[in-house]
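Top line first, the protein sequences correspond to chains P and A.
My numbering numbers the first residue of the first sequence as 14 and each following residue consecutively.
My numbering numbers the first residue of the second sequence as 6 and each following residue consecutively.
Glycine included, C-beta positions come from ideal geometry on N, C-alpha and C.
Only one structure is covered here, and it is reproduced in the block below.
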Amino acid sequence: MPDLQLIAADILKLRRRRGMLSLTLLGTLGIVALVFAVTTIQHATNPGKYGPAGGLETYRDAIGVVGLLALVAGVIVGGTAGTQDIESGVFRDLAATGRSRTALFLSRVTGALAVVLPIVGVTAIATAAASIALKADLPAPDTGTLIAGTARVLAAGALSTAVAVGISAVVGSRGPVIGILLAFFLGISPLLQAITFLGGSRQLVPEVAIDRIGDLSTPPGMHVALGTAIAVVLGWIAVSLAAGAWRTKTREI
Amino acid sequence: MLSTTHSDTTSLAVQTEGLGKRFGTRAALDGVDLEVPRGVAFGFLGANGAGKTTLIRLLLGLAEPTAGRMHVLGRELPGGRAAALARVGAIIEEPRFHPHLTGRENLGVFAAARDARARALIDGSLERVGLAARADDRVKGYSLGMRQRLGVARCLLADPELLILDEPMNGLDPAGILAMRGLIRELVGEGRTVLLSSHLLDEVEKTCDLAAIVDLGRVVAQGTIGELVRGGPRAIDIVCHNPVDAARLLAAVPGVTRATDHDGSLRVTLSPEAPVDREIVTALLRRLLDHGVAVEKVAPVAASLEDRFLTMTTRLEDRL
């Protein structure tokens with residue numbers, strides 16, 4: 014069971030990185046606010062050409078993008094949380110207190126989730142609120158869609174955060190971890206989804222699972238059960254955390 | 006003062022038996038037997054690369070030994086690691102902190118890894134090392150000396166029975182060294198044990214009660230500073246005219262093992278069987294005067310830990 018004091022300490026370490034937090038907020042909530050502001054102004058100035066800024070379809074499109082932003086936020090915060098003790102050299106001194114290394118690792122994971130999930134959660138809620146408030150005469154997103162969309166964003170944030178913390182513990186260096194994971198989530202993963210001969214094995218691609226949780230489209234010719242999607246997300250999280258915990262425990266420092 | 010709840014009643018703070026650590030074919034530590042009594046300042050002396058930091062890493066559970074056994078505060082490691090290290094404070098090499106956090110916040114991070122009482126000790130620890138006024142500044146603005154002091158404050162959060170300080174004088178100015186020396190003696194005065202690893206012989210001699218000398222991963226001597234110093238060969242320095250002839254003459258005196266040039270004087274090294282100073286000095290002087298060598302000064306050499314260290318450890322040139 015992670016220790017609350019350790020988790021609070023890990024949250025403090027992340028909160029005090031003001032540059033990183035500002036970047037994460039701008040990259041999530043800031044982008045959503047900007048997009049809705051621009052589309053609202055466009056609709057207000059030229060309603061014939063630009064439709065209302067909200068509504069069900071806008072919400073569906075927006076929540077897909079917010080999911081991607083949540084992935085990026087998770088990678089940045091998780092990569093930082095996973096490496097800041099190692100890169101600063103503090104991990105050795107923390108381990109020398111006799112405290113279980115597994116507890117130290119789990120507190121990093123929990124601390125990173127405690128920072129990422131509120132940010133992406135608020136971003137999802139803001140997206141929903143704007144989509145409803147600015148729908149004009151368009152249909153509003155229903156409760157089921159809102160729940161699925163929010164779940165998608167939270168799943169994306171949790172998955173990328175956990176994977177980033179786990180891989181960071183293995184690699185031990187923030188820059189490469191963030192670079193590799195962003196390349197994977199934003200470049201390699203969409204490519205894998207598009208390679209049709211991979212067939213059903215594409216269900217293992219994390220973004221396919223996340224899209225399914227969000228009730229968005231899955232790759233053509235592929236049906237993914239919700240249970241499978243949840244299991245895939247949990248599987249990625251479990252494997253990454255197991256690798257990170259093992260490396261944290263066995264690392265000679 | 007040290008709280009009275011000792012973690013164990015054994016009289017030794019640290020005990021190792023045949024402790025070894027290999028990195029591939031290279032032995033960083035080889036059969037180390039070490040006994041550090043409680044309530045003393047114990048120096049762990051060795052040249053760079055002798056194995057000092059490796060031993061500390063093993064004692065703190067940061068690396069696994071490849072041979073031998075070790076006990077810290079009476080508990081065998083690795084089984085009793087958590088309980089033993091709960092009362093150990095350590096600085097390993099240069100103390101490291103999160104540079105974007107303040108000194109106080111950094112101590113808070115470490116207090117979170119300790120037991121519930123540690124948080125209450127933060128202010129007192131900062132006060133004790135003279136950092137209270139700078140506690141709310143970010144550590145990235147601290148000098149190395151301030152970080153060393155913050156490292157000691159971090160150790161104090163454990164209310165430690167044992168402090169392990171690896172090169173604590175590094176980066177300190179003379180005033181800082183004096184203050185650190187005073188702090189170490191103060192901590193020992195409270196009943197705590199300080200294991201001080203250093204290559205600064207003078208510091209160990211001035212600060213510690215006992216010491217061990219490590220060379221190429223082996224402990225080659227341990228005991229009180231006095232015992233270590235006395236264990237070295239006796240020597241007498243003689244300032245005279247014509248030192249080349251004098252060296253040849255003195256080398257032939259019974260009880261003399263060698264006579265060599267030493268900083269402008271002649272250093273005469275004596276064998277263990279040599280008579281007491283009064284008699285051997287008389288014999289040496291008689292020999293010189295009988296052969297017409299004028300003598301300016303004769304002085305028995307006060308042995309130092311440095312002399313002892315140099316006779317016991319491998320010189321750099323011998324390793325190459």
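Counting Cβ pairs, one atom from each stretch, are 3 or more of them under 8 angstroms apart for the segment 71-86 of chain A and the segment 260-274 of chain A? no
Determine whether the beta carbon atoms of V129/P and G188/P lie at a separation below 9 angstroms. no
Proximity winner among L217/P, I44/P, G40/P, A66/P, relative to V88/P (alpha-carbon distances): G40/P
Just reading off the alpha helix (DSSP H) that M235/P is part of, what are its end residues? Looking at the DSSP string, M235/P is not in any alpha helix (DSSP H), and its letter there is neither H nor E.
Taking the alpha carbon of E278/A as the point to measure from, which residue in A87/A, V249/A, A240/A has its own alpha carbon closest? Comparing Cα-Cα distances from E278/A to each of A87/A, V249/A, A240/A, the minimum goes to A240/A.
Check each candidate in P83/A, F115/A, I96/A, G108/A and name the one with the smallest Cα separation from N175/A. I96/A
Would you mind sorting S280/P into buried or exposed? The rule is 16 or more other CB atoms within 10 Å of its CB. As displayed, chain P neither begins before 14 nor continues past 266, which places residue 280/P out of reach and without an answer.
Going straight from the alpha carbon of T212/A to that of R139/A, what length do you get? 28 angstroms
Quick check: what's the CA-CA separation for R292/A versus V286/A? 10 angstroms
Please identify the residue among S130/A, A217/A, P42/A whose C-alpha is closest to the C-alpha of G51/A. A217/A
Using beta carbons (cut-off 9 angstroms, strictly below), is L106/A in contact with chain P? L106/A counts as touching chain P.
Return the residue from the list A149/P, A222/P, I201/P, F197/P that minimises the CA-CA distance to A164/P. Per the C-alpha coordinates, the member of A149/P, A222/P, I201/P, F197/P positioned closest to A164/P is A222/P.
Selected residue, minimal CA-CA separation from G257/P, among T174/P, T241/P, V135/P, A196/P: T174/P
N- and C-terminal bounds of the beta strand (DSSP E) containing P179/A: Counting along the chain, P179/A falls outside any beta strand (DSSP E), though it belongs to the alpha helix (DSSP H) covering 179-194.
Under 8 angstroms by beta carbon: chain P residues contacting E110/A: L25, R29
Go ahead and pull the three-state DSSP assignment for G224/P. Here residue 224/P is Asp; the residue named in the question, Gly, does not match the sequence. Here D224/P sits in helix by DSSP.
For C245/A: DSSP bridge partner residues: In DSSP, C245/A forms a bridge with V300/A.
Of the residues that make up the segment 103-131 of chain P, which ones have a beta carbon closer than 8 angstroms to any beta carbon in chain A? V103, R105, D106, L107, A108, A109, T110, G111, R112, S113, L117
Let's see if you can read the secondary structure: which residues bound the beta strand (DSSP E) around A216/A? 215-220
Check G56/A in the structure and name its three-state DSSP category. coil
Endpoints, beta strand (DSSP E) assigned at A33/A: 31-42 is the span of the beta strand (DSSP E), which, as asked, contains A33/A.
With a threshold of 9 angstroms between beta carbons, is S16/A in contact with chain P? no
Exposed or buried, what is L321/A when buried is set at 16 or more other beta-carbons lying within 10 Å of its beta-carbon? Residue placement at L321/A is poorly supported in this model, since its pLDDT is 43, which falls under 50; the coordinates are not used for a value here.
Are three or more beta carbon pairs between the segment 98-107 of chain P and the segment 149-157 of chain P nearer than 8 angstroms? no
CB contact flag (L42/P, I132/P, <9 angstroms): yes
For P259/A, name the three-state secondary structure that DSSP assigns. coil
Beta-ladder partner(s) of Q227/A, from DSSP: A217/A
Proximity of E98/A and E172/A at Cβ, strictly below 9 angstroms: In this structure, E172/A lies closer than 9 angstroms to E98/A by Cβ.
Between the C-alpha atoms of I243/P and A168/P, what's the straight-line distance to the nearest angstrom? 9 angstroms
My guess is that A125/P and V79/P are in contact by the Cβ rule of under 8 angstroms, so how many angstroms apart are they, rounded? That pair is no contact at about 19 angstroms.
K26/A (DSSP reduced to helix, strand or coil): strand
With DSSP collapsed to three states, give me the class of V45/A. coil
Best match in L34/A, T30/A, A118/A, I61/A for proximity to V224/A [C-alpha to C-alpha]: L34/A
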